[in-house]
Amino acid sequence: RSAAAVAVMAGSVRAVARRFLSEYGGGTAGRLKALDAFLLYVLLTGALQFGYCLGVGTFPFNSFLSGFISAVGSFILG
Numbered sequence: 041r042s043a044a045a046v047a048v049m050a051g052s053v054r055a056v057a058r059r060f061l062s063e064y065g066g067g068t069a070g071r072l073k074a075l076d077a078f079l080l081y082v083l084l085t086g087a088l089q090f091g092y093c094l095g096v097g098t099f100p101f102n103s104f105l106s107g108f109i110s111a112v113g114s115f116i117l118g
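Below, the structure written as C-alpha cells:
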C-alpha cells in the first residue's frame with residue numbers, strides 16, 4: 041500500500057470515529073451510557089488481570105482464576 045492510501049484510510053477511520061462519538065453522545069440515553077461505562081470498566085479489569093498473569097505469573101492461580109472468571113461473567117451478564 042502506498043502512503044497516500046494509508047492516509048486516506050486513516051482519515052476515513054477518524055471520520056467514522058468522530059461521527060460515532062457525536063451520535064453516541066447526543067442520541068444515547070444516560071442509563072445506556074452508564075451500562076456501557078460499566079461494561080468498559082469490567083472489560084479493562086479483565087484485561088488488566090490477564091496482562092498481570094502473563095507478565096508476573098499465576099502464583100495464586102485460584103485467585104487469578106476467580107477474579108478473571110468473575111470479570112468475564114460480569115461482562116457477559118451485563
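Per this note's numbering, residue 41 is the first one in the sequence shown, and the count goes up by one each step. Virtual Cβ for every residue (Gly too), placed ideally from N, Cα, C.
Hey, would you say residue i sits closer than 8 Å to residue j, going by beta carbons?
i	j	result
residue 108	residue 90	yes
residue 104	residue 83	no
residue 118	residue 75	yes
For the alpha helix (DSSP H) that contains residue i, what are its first and last residues?
i	result
residue 67	43-67
residue 78	70-95
Using C-beta distances below 8 Å, list every residue in its chain close to residue i, excluding the 5 sequence neighbours before and after it, in chain order.
i	result
residue 60	none
Looking at C-alpha atoms only, which residue of the options is the closest neighbour of residue i?
i	options	result
residue 85	117, 52, 112 and 100	112
residue 81	46, 57, 110 and 51	110
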